[in-house]
Amino acid sequence: MNSFQNTRRALLGASATLGAASVAGCASIGSASPSIGRVVVVGGGYGGATVARYLKRWGGNVDVTLVEREAAFVSCPISNLVIGGHKQIADVTRGYEGLSALGVKRVRDEVVAVDAAARKVRLRSGTELAYDRLVLSPGVDFNLNSVGGLKAALDTGRVLHSWKAGPQTVALRKQLVDMRSGGVFAMTIPKAPYRCPPGPYERACMVASYFKAHKPGSKVIVLDANPEIISKKGLFEKAFGEHYKGIIEYRPNAELKEVSGTTAKLDFDDIRADVLNVIPEQRAADLAVQAGVVNVNQRWAAVNWLTMESTTVPNVHVLGDATFPAPLMPKSGHMANQQAKVAAAAIIQLLKGEPVNSAPVVMNTCYSFVTATDVVHVASVHQYDAKDKTFKTVPGSGGVSAQASALEGRYALAWADNIWADMLA
Ligand SMILES: Cc1cc2nc3c(=O)[nH]c(=O)nc-3n(C[C@H](O)[C@H](O)[C@H](O)COP(=O)(O)OP(=O)(O)OC[C@H]3O[C@@H](n4cnc5c(N)ncnc54)[C@H](O)[C@@H]3O)c2cc1C
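Quick note: the numbering used here has the sequence shown finishing at residue 430, numbered continuously throughout.
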């Protein structure tokens, strides 16, 4: 097979995984007919940007306003490669111009309050925006109080989470570059659920790949609060053993209790690190809490899976990492993108007073780099079950790679380009 065929296959493979979840309403873009309703979307990440784009593409005459506090979108997927020195932050950064060109009104601000009774949101600038339907895709914030000294350590900037891509990604990369050869990088993983189950193990591989090439004698110590690797276990174990023997040390059941300087304190052990990377316990972001949609374990927002509408606050839809997931549904960018399509289609129908799709199907593919070039994936397909009112995995669908490969590395990069275009073009 020649390189053109390879590239074409990689692109087709990756774009197939992005297939639309459910297209209930299809109207032309930029219709001159009067608006069928006002939708305010909060958060321009994987869920929010996608729902804004598809409300315009499928609804055309929906009045869509996207409120995002940052100037540009910075992707968490692929950001571990920036930490490993295989990509630059510019490679995972994209602008919002495509959404503006499509007619999405973009507001750079922060939503500080939701008044669900009056159907309006208040921005930090003081402006108020009225809505018929509100979509929240604010991602996660951290529970810092369960670990002594963690908040203070993060506040100093000496300990980083780098679990929201952006300045902390660049700062962690700099800490690794500045670290002495023969030094120790320790990272801690919280108990599941957290955003991107395989993400921490990919990060360990990326840091180890950098040490292997540039920092002889250095170590990566992975302190996992879970009893074992929670995603693509066999594939990561193989990568740790094959590529990073003597570099990565993996410790299960190693729950972080306290942080002091760059020392991670466990129940019976202290790990002194040159660079300490703490991935804190997560929950739906602050705005979801303020809006009153967080109703599961004081952490996540339960939704009606046919519409992604909150089960507690009417006319407010919640997407992505902030939601309480259906069984075996990962907190991933791909899943947020898929949920956004369910929501966009349903909101258009609701605004028109028409029935929503009663049988949506969503899917997920998550690629992880185990070396600078070689990648493994996990995939799943989730179908709505009307009896139990939730998504369930389709028997026999999905699975994991047989082995890591450079071909999957090309699929992974094509996946990223495709999904960024699907959200933002
Ligand atoms: C290191 C790492 C690697 C990952 N790799 C993958 C991968 O390979 N594949 C994959 O599918 N997923 C991956 N993920 C997971 C993926 O990043 C998340 O699941 C995804 O970002 C969730 O989308 P979201 O829309 O819920 O939140 P986000 O994408 O985080 O978007 C939330 C947005 O809301 C904005 N916001 C929050 N509150 C407010 C407010 N009050 N006002 C205005 N704006 C606000 C934020 O600034 C942010 O832009 C990875 C995550 C990490 C950390």
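The C-beta atom is built at its ideal place from N, Cα and C for all residues, glycine as well.
Contacts around residue i, its chain only, beta-carbon distance under 7 angstroms, and the 5 residues preceding and following it disregarded
| i | result |
| --- | --- |
| T317 | G297, V298 and N300 |
| I276 | A191, I226, L228, T268 and A269 |
| L333 | S385 and T398 |
Contacting residues, own chain, Cβ-Cβ under 6 angstroms from residue i (five flanking each side not counted)
| i | result |
| --- | --- |
| R138 | V44, N320 and I352 |
| L71 | V46, G49, A57, V109 and R111 |
| G154 | E263, V264 and S265 |
| A331 | T395 and F396 |
| D146 | A290 and D291 |
| Q173 | L165 and S167 |
Pair within 8 angstroms by beta-carbon distance, residue i and residue j
| i | j | result |
| --- | --- | --- |
| V140 | V46 | yes |
| P143 | Q287 | no |
| I83 | A421 | yes |
| L177 | S167 | yes |
| I252 | H339 | no |
| A118 | Q303 | no |
| L261 | V152 | yes |
| R129 | E73 | no |
| S186 | K217 | no |
| A1 | A306 | Given a span of 6 to 430 for the chain in the structure shown, any question on residue 1 remains unanswerable. |
Residue i to residue j span [Cα, whole Å]
| i | j | result |
| --- | --- | --- |
| K336 | D326 | 5 angstroms |
| L149 | T267 | 16 angstroms |
| V97 | N369 | 20 angstroms |
| K392 | E254 | 45 angstroms |
| A349 | D274 | 49 angstroms |
| F241 | Y206 | 7 angstroms |
| L104 | G52 | 14 angstroms |
| A407 | S223 | 30 angstroms |
| T55 | A77 | 14 angstroms |
| P360 | Q354 | 6 angstroms |
| L412 | S402 | 21 angstroms |
| L134 | D120 | 10 angstroms |
| G64 | T312 | 15 angstroms |
| F329 | A293 | 12 angstroms |
Cβ neighbours of residue i in the same chain (closer than 8 angstroms, five flanking residues each side left out)
| i | result |
| --- | --- |
| S214 | G89, H91, H248, Y249, T376 and A377 |
| Q93 | V87 |
| V126 | V45, V47, V72, V116, A118, V119, D120, E133, L134, Y136 and L139 |
Beta-bridge partners of residue i, as assigned by DSSP
| i | result |
| --- | --- |
| S80 | S80 pairs with nothing; no bridge assigned. |
| F245 | None, per the DSSP bridge assignment. |
| H387 | V367 and T398 |
| L192 | Looking at the sequence shown, residue 192 is not Leu but Met. Looking at the DSSP assignment, M192 forms a beta bridge with V227 and N282. |
Does the pairing of the segment 235 to 245 with the segment 188 to 205 give three or more beta-carbon distances under 8 angstroms?
-> Taking 8 angstroms as the limit for Cβ pairs, the verdict is that the segment 188 to 205 does touch the segment 235 to 245.
Would you call the segment 270 to 283 and the segment 186 to 195 touching, i.e. three or more CB-CB distances under 8 angstroms?
-> Three or more Cβ pairs drawn from the segment 270 to 283 and the segment 186 to 195 lie within less than 8 angstroms of each other, which places the two stretches in contact.
Please determine if the segment 333 to 349 and the segment 383 to 399 are in contact, where contact requires at least 3 C-beta pairs separated by less than 8 angstroms.
-> Judged by Cβ distances under 8 angstroms, the segment 333 to 349 makes contact with the segment 383 to 399, as three or more pairs qualify.
Inspect the CB distances between the segment 159 to 178 and the segment 57 to 69 and report whether three or more fall short of 8 angstroms.
-> No, the segment 159 to 178 does not touch the segment 57 to 69.
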